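Chains as they are written, first to last, in my numbering: chain Z, 117 to 316; chain R, 117 to 316.
Below is one structure, written out as structure tokens, with a few remarks after it.
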């Protein structure tokens with residue numbers, strides 16, 4: 117019997133050690149969602165229930181050429197992806213400014229820092245100075261483990277790599293420092309539970 | 117002698133009643149900036165000086181077709197503009213979530229509410245419930261007058277139009293309720309001065 121996580125991904129038996137193996141398999145249409153999809157879905161839930169207003173920013177695009185045909189929508193004929201100057205998600209939750217990025221890795225034992233760019237770390241530094249709540253949502257795809265890592269911890273690891281430190285954060289360190297988020301039905305990724313802990 | 121505002125636009129003598137007519141004309145390369153340009157420039161100043169972290173969100177684009185040529189950047193060949201589901205600007209300022217939209221009008225005596233879309237008003241309502249600081253920056257292009265209008269005032273006018281009210285906000289009402297922002301050199305549009313008043 118195949119058991120799936122609420123996001124439709126295959127269930128890793130080693131994590132729950134068979135304790136849930138009698139759970140009925142539920143069919144989800146969102147099988148194979150990316151972390152981004154999962155967070156967007158969670159944000160929709162938070163928004164619809166008046167819990168928080170958090171959106172993913174659109175991908176920045178440099179538009180080179182646009183066609184304006186008669187009686188129809190403007191058609192972009194040539195454009196290129198641009199590197200974002202901030203993190204991907206931000207919004208407001210109970211008066212707090214929320215700002216984060218979401219990254220998944222296939223790596224099993226550590227999270228490679230190259231998943232982030234210097235400007236994203238810089239943006240987090242700036243937001244922290246303005247008393248924003250900043251963090252990274254990190255997903256280990258192999259066993260579907262999701263963590264909320266405070267920006268201050270991420271920045272420490274980031275800075276250390278230029279001072280002879282590791283180019284990745286060991287999973288054990290993430291398990292020790294970050295908040296692990298278990299999948300739920302609604303919201304799929306209840307990351308605001310971790311935010312509550314960061315705030316209080 | 118031509119006197120220009122710091123944004124490079126022609127100086128409307130009737131506003132300052134000739135009191136500044138001895139001011140030397142200064143050449144600015146940003147002649148003819150849109151309100152968006154002016155606010156982006158102001159945000160750059162706020163960011164560079166550690167005052168606030170506020171960015172314009174990228175324009176949402178629906179991508180239909182992308183070409184991946186060898187050894188060069190992915191080229192978007194077909195895409196369309198999408199309607200934004202939020203306001204254009206947000207960020208953090210001294211622990212406060214800041215959220216606003218910027219609109220300019222050629223109209224001289226009132227600000228037409230059709231400059232806003234229902235979903236933007238809805239977004240402001242949601243952010244207010246989360247204790248965000250929400251407002252609109254409104255510019256009357258004819259005399260370069262810029263106002264910061266609280267979202268609560270905008271929403272009142274918006275709702276009233278469906279209850280027999282006007283389809284626009286009279287300029288006199290804006291002058292009475294909103295905070296007028298005078299152009300400065302840095303930042304060009306010091307709208308956080310108004311935000312300070314909204315907060316305190």
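Beta carbons are placed, not taken as given, at the ideal position from N, Cα and C, and that holds for glycine.
All of these numbers come straight from a predicted model, not from anything done at the bench.
Beta-carbon contacts of residue i that lie in its chain and below 7 Å, excluding the five residues immediately before and after
i                     : result
residue 162 (chain Z) : 168, 170, 303, 308
residue 315 (chain Z) : 212, 249
residue 156 (chain R) : 172
residue 313 (chain R) : 295
residue 140 (chain Z) : Caution applies to residue 140 (chain Z), whose pLDDT of 39 falls short of 50 and renders its modelled position unreliable; the value that the coordinates give is listed next. Counting only Cβ-Cβ distances below 7 Å, and skipping sequence neighbours, we find nothing.
Contacting residues, own chain, Cβ-Cβ under 8 Å from residue i (five flanking each side not counted)
i                     : result
residue 182 (chain R) : 190, 191, 192, 193
residue 231 (chain Z) : 219, 221
residue 276 (chain R) : 282
residue 233 (chain Z) : 199
residue 274 (chain Z) : 229, 232, 237
Proximal residues of chain Z, C-beta to C-beta of residue i below 8 Å
i                     : result
residue 247 (chain R) : 208, 210, 211
Which of helix, strand or coil DSSP assigns to residue i
i                     : result
residue 210 (chain R) : coil
residue 295 (chain R) : strand
residue 171 (chain Z) : strand
residue 224 (chain R) : coil
residue 278 (chain Z) : helix
residue 200 (chain Z) : coil
residue 257 (chain R) : coil
residue 284 (chain R) : strand
residue 246 (chain Z) : coil
residue 161 (chain R) : helix
residue 304 (chain Z) : coil
residue 310 (chain R) : helix
residue 195 (chain R) : strand
residue 229 (chain Z) : helix
residue 190 (chain R) : coil
Assumed close pair residue i, residue j - CB separation to whole angstroms, cut-off 8 Å
i                     : j                     : result
residue 173 (chain R) : residue 174 (chain Z) : 6 Å
residue 252 (chain Z) : residue 229 (chain Z) : Not quite, the Cβ-Cβ distance comes to about 11 Å (not below 8 Å), so this is no contact.
residue 208 (chain Z) : residue 246 (chain R) : 4 Å
residue 289 (chain R) : residue 218 (chain R) : In fact, because the Cβ distance is near 19 Å, the residues do not count as touching under 8 Å.
residue 297 (chain R) : residue 263 (chain R) : 7 Å
residue 227 (chain Z) : residue 272 (chain Z) : Not really, about 14 Å apart at Cβ, beyond 8 Å.
residue 154 (chain R) : residue 305 (chain R) : 5 Å
residue 165 (chain Z) : residue 206 (chain R) : Rounded, the Cβ-Cβ distance is 21 Å, inconsistent with contact.
residue 216 (chain Z) : residue 202 (chain Z) : Rounded, the Cβ-Cβ distance is 11 Å, inconsistent with contact.
Sequence-distant residues of its chain with Cβ nearer than 6 Å to residue i (five each side left out)
i                     : result
residue 240 (chain R) : 250, 267
residue 200 (chain R) : 176
residue 196 (chain R) : 178
residue 255 (chain Z) : 151, 220, 262
residue 224 (chain Z) : 258
residue 279 (chain R) : none
residue 188 (chain R) : none
residue 132 (chain Z) : Only weak support is given to the placement of residue 132 (chain Z): the predicted model assigns it a pLDDT of 37, under 50, and the value that follows is read from those uncertain coordinates. Same-chain partners within the cutoff: there are none.
Residue i, buried or exposed, once every other Cβ within 10 Å from all chains shown has been counted against 16
i                     : result
residue 222 (chain R) : exposed
residue 142 (chain R) : Caution applies to residue 142 (chain R), whose pLDDT of 42 falls short of 50 and renders its modelled position unreliable; the value that the coordinates give is listed next. Classification for residue 142 (chain R): exposed.
residue 158 (chain Z) : buried
residue 150 (chain R) : exposed
residue 294 (chain Z) : buried
residue 73 (chain Z)  : Since the first residue shown for chain Z is 117 and the last is 316, residue 73 (chain Z) is missing from the structure and cannot be characterised.
residue 242 (chain Z) : buried
residue 198 (chain R) : exposed
Where residue i meets chain R, residues with beta-carbon distance less than 8 Å
i                     : result
residue 201 (chain Z) : 171
residue 150 (chain Z) : Within 8 Å Cβ-Cβ: nothing; residue 150 (chain Z) doesn't reach chain R, min ~16 Å.
Cross-chain neighbours of residue i in chain R, by beta carbon under 7 Å
i                     : result
residue 308 (chain Z) : Here the premise fails: no neighbours, minimum Cβ distance about 12 Å.
residue 176 (chain Z) : 174
Neighbouring residues, chain A, relative to residue i (Cβ below 9 Å)
i                     : result
residue 315 (chain R) : The structure shown contains no chain A; the protein chains it does contain are Z and R.
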